[in-house]
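Protein chains in written order, with the numbering used here: chain A, 1 to 827; chain B, 1 to 226. Glycine included, C-beta positions come from ideal geometry on N, C-alpha and C. Quantities reported herein were computed from a predicted structural model and do not represent experimental measurements.
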Ligand SMILES: Nc1ncnc2c1ncn2[C@@H]1O[C@H](COP(=O)(O)OP(=O)(O)OP(=O)(O)O)[C@@H](O)[C@H]1O
Ligand SMILES: [Mg+2]
């Protein structure tokens with residue numbers, strides 16, 4: 001065993017010097033780097049969540065409610081715990097004629113219980129931590145709000161019916177999400193000032209929190225038995241499950257980016273397989289001599305196995321280093337999930353990167369190397385014996401291992417299996433396409449000039465290799481096409497579908513007594529009269545008399561829907577852009593308790609016509625029968641509801657009203673007047689939200705693009721490996737052509753023709769795949785008309801053609817410089 | 001004692017199925033070689049010399065017949081068994097040297113010793129001795145590509161003799177060398193063979209060389225003719 005170990009070091013040293021292992025190592029480094037770059041980034045955010053859990057919570061324990069302030073202060077005192085209360089809601093802030101939606105947080109003394117607020121005296125001033133909260137009559141606001149309202153510290157602003165002095169610039173809030181989740185800037189105020197604003201009204205969406213902190217023992221006692229005594233609508237958040245929204249966003253990012261990174265690993269596997277095959281061909285003689293000298297088969301297997309282990313370790317180290325260097329690309333996105341500084345990464349991503357590298361190496365390099373033990377010793381006398389293994393079956397283990405990695409990365413067996421099956425199916429289709437293209441090209445060779453014929457024959461001569469290269473580049477180019485052109489097309493298609501006068505502002509929190517005055521306001525401003533819809537907030541408590549809770553639903557969205565209150569409305573007539581798809585709408589003046597449910601939510605929650613639903617509205621329960629399911633066009637930006645009831649059922653419950661309207665660009669000043677006259681209204685700017693969403697999409701796209709950057713790199717390594725693998729043949733060819741009088745220019749032209757064709761085919765395959773995916777995304781998933789874009793095809797061809805030609809010709813230039821005689825004599 | 005032959009070939013035959021049906025490469029070969037003999041195998045190109053040598057070393061399996069090496073039936077063993085037997089009994093010298101390019105001259109010679117389980121220290125000393133005997137003392141740390149053809153063949157001979165094999169097989173050992181160098185190589189081969197009391201079986205085209213061997217076997221179209 002130690003002899004095999006020793007011998008493996010000899011092999012390694014010599015093959016390293018000879019440059020035979022370079023491609024293997026580069027391919028693995030890229031694979032490991034792409035996996036670890038994503039890993040390091042997600043790991044750091046996860047660690048921040050774990051280590052700074054209570055800072056991110058602002059407490060050791062939080063009780064949330066969307067109905068009423070949680071009443072547990074007595075219990076907290078009983079266990080000697082500190083507590084603080086907060087209220088969060090959205091409201092308009094106003095100065096002069098400028099109004100801006102703000103995310104208001106009103107806090108009591110002691111907030112935050114863990115971590116510190118940081119403020120600055122003015123914009124760009126030096127920040128410092130404080131242990132206080134805004135004094136009554138003052139607010140602290142963040143830089144975005146200051147800039148949008150064109151304010152300085154010391155100025156005043158209106159919030160609802162009250163006026164406040166901006167006392168400081170708020171620079172850090174431990175329990176705030178990173179700017180990923182906030183649609184509006186922050187305003188921090190004193191809890192005691194809330195009544196004066198008059199903003200807490202029927203229908204206002206307010207989130208109450210009770211923060212608890214203290215001795216761990218006390219917190220544990222406080223918590224014990226708490227789950228059962230929580231009121232409806234109340235929820236407990238602890239350090240372990242703090243910030244579920246951040247956790248699920250992070251989990252999704254980790255899964256998706258991780259899966260995308262595995263695409264590079266797959267390509268690296270192809271490069272490794274190609275390189276290892278050539279390597280094994282070049283070691284046939286060595287193995288035959290060893291057998292001749294009496295080496296047992298096990299010695300040969302062990303030697304190569306150890307050599308691969310050394311290589312795997314080396315590539316793992318280099319890859320982790322490269323991944324660490326590159327992980328900043330992703331923390332830029334993921335770091336925005338939380339406002340806390342990120343701790344250094346742990347070793348876990350490095351270990352899994354290492355494992356991925358080894359799996360790739362052993363899965364794809366070992367089959368041809370292990371076959372070396374079967375090389376007949378007779379080869380020392382007869383060179384033609386002992387050709388290496390062929391065919392894909394040898395790599396089944398490697399492919400299976402990668403599939404297992406994908407399933408593990410997907411975090412869900414079924415989803416993972418779907419992804420693996422989809423990837424395999426797609427690859428097979430693309431491989432067949434590429435193969436047909438290669439076959440088709442071969443027929444052209446009689447009709448072209450010598451350089452093209454040389455290029456074509458090279459592609460046709462190694463169909464398997466050509467298909468692999470086409471796929472490797474195709475996948476990389478496809479990913480980039482999808483993320484750039486196709487994404488832009490989808491966004492454009494979506495925007496085109498919105499009529500120019502689609503509503504772009506929503507007004508919520510309208511009180512019933514304000515309706516006439518608000519109608520007058522619109523009339524005075526010569527704006528079309530908006531339609532007001534009543535809105536009652538209720539919580540679904542049972543379906544067919546079976547009580548429901550979030551725990552009953554595996555589906556995340558369903559659980560979320562059951563957990564929170566949602567908006568119900570009542571109507572006589574079916575809204576114009578809604579469409580009944582099951583059951584029937586009720587007749588006018590129906591004095592029965594009927595409900596109509598949106599089909600999407602009905603499917604999520606498992607509701608059918610004929611079911612009975614019970615809702616809880618501010619402590620009272622009502623029951624209705626579902627008589628119809630509706631299809632709703634949410635993209636129209638008209639006001640729409642998941643659940644609509646007969647007026648008979650709901651009209652006596654306390655309601656607020658909502659409306660949407662189109663505000664032309666030149667009428668922006670109307671908003672200031674509106675907020676001044678109705679300070680309690682919340683006006684939501686669709687464009688601002690869209691901008692925010694687009695910014696998030698862009699940031700996410702950028703991160704995904706980085707991952708596919710690794711994929712493209714891996715594609716180049718596949719090409720490089722293929723060039724290496726065919727180097728000996730190519731040297732022989734060029735030497736022969738040279739002796740037949742071909743000039744160097746002709747040789748280069750021949751290679752250029754080959755790579756141009758390969759690249760163009762890859763681009764074609766990529767454009768094909770990207771278009772099909774784009775079509776499926778548009779028509780099936782997003783229900784948008786698909787826009788054919790010739791640029792996708794042109795860019796694919798261009799990117800593939802130039803990229804591969806440049807890389808390929810550069811790779812082959814040294815071969816054209818070789819003196820032909822040396823090659824011919826050696827052959 | 002020395003009456004027991006080191007090599008006994010009984011009814012050895014080799015057929016292969018080619019594109020034009022069965023092809024007989026060797027037919028009913030019988031001979032034996034006693035320890036210490038030097039034996040040349042002669043014959044026209046394509047007469048089956050290399051095929052026979054390959055079978056003697058157990059590098060290939062015959063279609064019929066037996067080869068006994070020092071009394072061991074070679075083809076009753078499996079591949080690994082034959083490899084082990086080769087390791088301790090047979091030394092090889094090839095026309096194309098067949099040194100491992102990744103190892104130095106010394107390491108190439110140490111390799112069969114280490115494969116046979118000798119500790120590195122002892123293997124190093126022993127390999128150094130044989131290389132010195134082959135006149136390569138100053139070139140121990142050189143790699144094959146840094147050596148001339150003749151020097152490479154000396155290393156190959158040193159490697160073949162290092163484990164003190166009872167039987168030395170050589171397939172046209174001078175085929176790739178010029179006349180003068182070839183002659184010196186042959187001298188070395190015979191000297192070492194005599195000193196170590198081993199048995200030499202050598203394939204050659206060279207009549208003069210064959211004359212130096214105590215015994216000559218002539219192959220013609222797969223049959224032993226003399
Ligand atoms: N596996 C095989 N299949 C078919 N024919 C074979 C095979 N091995 C050897 N031969 C043929 O057997 C014959 C004998 O080959 P061998 O190499 O033993 O000859 P040789 O005497 O060593 O010739 P040379 O002096 O040229 O080296 C040749 O005609 C060769 O083509
Ligand atoms: Mg021969």
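Item: Only counting the same chain, and skipping five residues up and downstream in sequence, which positions put a Cβ closer than 7 Å to that of residue 157/A?; Value: 93, 94, 95, 149, 151, 164 and 166
Item: Would you mind working out which of 67/A, 6/A and 652/A sits nearest residue 619/A, comparing C-alpha positions?; Value: 67/A
Item: From residue 545/A to residue 220/A, what distance separates their C-alpha atoms?; Value: 35 Å
Item: Closer than 8 Å by beta-carbon distance: list the chain B residues that pair up with residue 49/A, in chain order.; Value: Chain B residues near residue 49/A: none, gap ~51 Å exceeds 8 Å.
Item: Report the neighbours of residue 98/B on chain A: residues whose CB is nearer than 9 Å to its CB, in chain order.; Value: 285, 288, 289, 292 and 380
Item: For ligand 2, is there any heavy atom lying closer than 7 Å to the beta carbon of residue 50/B?; Value: yes
Item: 8 Å is my cut-off, CB to CB: does residue 86/B come that close to chain A?; Value: yes
Item: Quick one: does residue 14/A have its CB under 8 Å from some CB of chain B?; Value: yes
Item: Determine the chain B residues that contact residue 296/A at a beta-carbon separation under 8 Å, and present them in chain order.; Value: 80, 83 and 84
Item: Between 266/A, 303/A, 300/A and 85/A, which lies nearest to residue 396/A when the distance is taken from Cα to Cα?; Value: 266/A
Item: Is residue 220/B near ligand 2, going by C-beta to nearest heavy atom under 7 Å?; Value: no
Item: Leaving aside the five residues before and after residue 448/A along the sequence, list all residues of the same chain whose C-beta is less than 8 Å from its C-beta, in chain order.; Value: 456
Item: Is there a Cβ from chain A that is less than 8 Å from the Cβ of residue 105/B?; Value: no
Item: Tell me whether the beta-carbon of residue 645/A lies closer than 8 Å to the beta-carbon of residue 585/A.; Value: no
Item: Mind checking if residue 151/B is an interface residue toward chain A, Cβ cutoff 8 Å exclusive?; Value: no
Item: What's the gap between the Cα of residue 30/B and the Cα of residue 52/B?; Value: 11 Å
Item: Which value, in whole angstroms, describes the spacing of the CA atoms of residue 640/A and residue 703/A?; Value: 34 Å
Item: Output yes or no for whether 8 Å exceeds the beta carbon distance between residue 626/A and residue 568/A.; Value: no
Item: Could you have a look at residue 666/A and say whether DSSP puts it in helix, strand or coil?; Value: helix
Item: Can you tell which of 566/A, 629/A, 774/A and 274/A has the C-alpha that lies nearest to the C-alpha of residue 783/A?; Value: 774/A
Item: Closer than 8 Å, CB to CB, is residue 174/B near chain A or not?; Value: no
Item: Identify, in the order they occur along the chain, each residue of the same chain with its Cβ nearer than 6 Å to the Cβ of residue 354/A, setting aside the five sequence neighbours on each side.; Value: 316
Item: Mind pulling the alpha helix (DSSP H) runs of 4 or more residues that sit fully within the region 20-74 of chain A?; Value: 22-51 and 53-57
Item: Anything in chain B within Cβ reach of residue 11/A, meaning under 7 Å, just list it in chain order.; Value: 102
Item: Per DSSP, residue 10/B forms a beta bridge with which residues?; Value: 66/B
Item: Taking all protein chains shown into account, decide if residue 549/A is buried (16 or more other Cβ within 10 angstroms of its Cβ) or exposed.; Value: exposed
Item: Could you check whether the Cβ of residue 112/B sits closer than 8 Å to any Cβ belonging to chain A?; Value: yes
Item: Would you decide whether residue 810/A is buried or exposed? Buried here means 16 or more other CB atoms lie within 10 Å of its CB.; Value: exposed
Item: Roughly how far, in whole angstroms, is the beta-carbon of residue 133/A from the beta-carbon of residue 107/A, given that I think they are within contact range, below 8 Å?; Value: 5 Å
Item: Per DSSP, which residues does residue 237/A bridge with? Please list them.; Value: 62/A
Item: Say the cut is 7 Å; is the CB of residue 285/A nearer than that to a heavy atom of ligand 2?; Value: no
Item: How would you write the range of the beta strand (DSSP E) that residue 128/A sits in, first residue to last?; Value: 128-130
Item: What does a CB cutoff of less than 7 Å around residue 462/A pick up in its chain, not counting 5 residues either side in sequence?; Value: 726
Item: Would you say the beta carbon of residue 293/A comes nearer than 7 Å to a heavy atom of ligand 1?; Value: no
Item: Where does residue 360/A land, buried or exposed, given buried means 16+ other C-beta within 10 angstroms?; Value: buried
Item: Closest to residue 772/A by CA distance: which of 426/A, 756/A, 671/A and 101/A is it?; Value: 426/A
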